[in-house]
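Asks: In this note's numbering, the protein residues as written are 3 to 166.
Handing you a structure now.
Given below as structure tokens:
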């Protein structure tokens, strides 16, 4: 009887460890190519909302708060920071971007510091510090084109970053 009790305790222990290790990814949705157009639509629907440092709601967004909000509307949890988002997902070449891909920029000279959502036709939606949520050209030769760092595709639950 004691052997059975020890086995049950061991199994229970490993079950708890398993749950604690894998709970962050349970229930996470995937962003498939069919979702990418709806992510782009959500991103575009928020144009005009003002910029707010640290903002995560329609009362005002910063860049990563805006991107997190858009993806959260589709059941996808992302890191709260642009650098955390850059650490997730699958790298995408600029020539292979599809709607819903995340695009990253270095605006401070210290690595990834800005994020937006590719919405197609060479454009991306983002929360600009000067003009709020807007759409700009990815290859703008005067600003964004010079600061482009790369792009990521959030294609599955295992790619999602949590508060990095």
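C-beta atoms are modelled at their ideal positions from N, C-alpha and C, and glycine is treated no differently.
Take the Cβ of residue 43 as the centre, count every other Cβ of all protein chains shown within 10 Å, and call the residue buried at 16 or more, exposed below.
Replies: Result: exposed.
Asks: Report the three-state DSSP secondary structure of residue 96 (helix, strand or coil).
Replies: Here residue 96 sits in helix by DSSP.
Asks: Hey, out of 144, 61, 123, whose CA is closest to residue 137's CA?
Replies: Nearest C-alpha to residue 137: 123.
Asks: If we call anything under 9 Å between Cβ atoms a contact, is residue 51 one with residue 102?
Replies: No, Cβ-Cβ distance for residue 51 and residue 102 is not below 9 Å.
Asks: So, using beta-carbon positions, are residue 140 and residue 125 closer together than 9 Å?
Replies: A contact, by the Cβ cut-off of 9 Å.
Asks: Tell me which same chain residues have a C-beta within less than 6 Å of the C-beta of residue 147, skipping the five on either side of it?
Replies: So the qualifying residues of the chain are 141.
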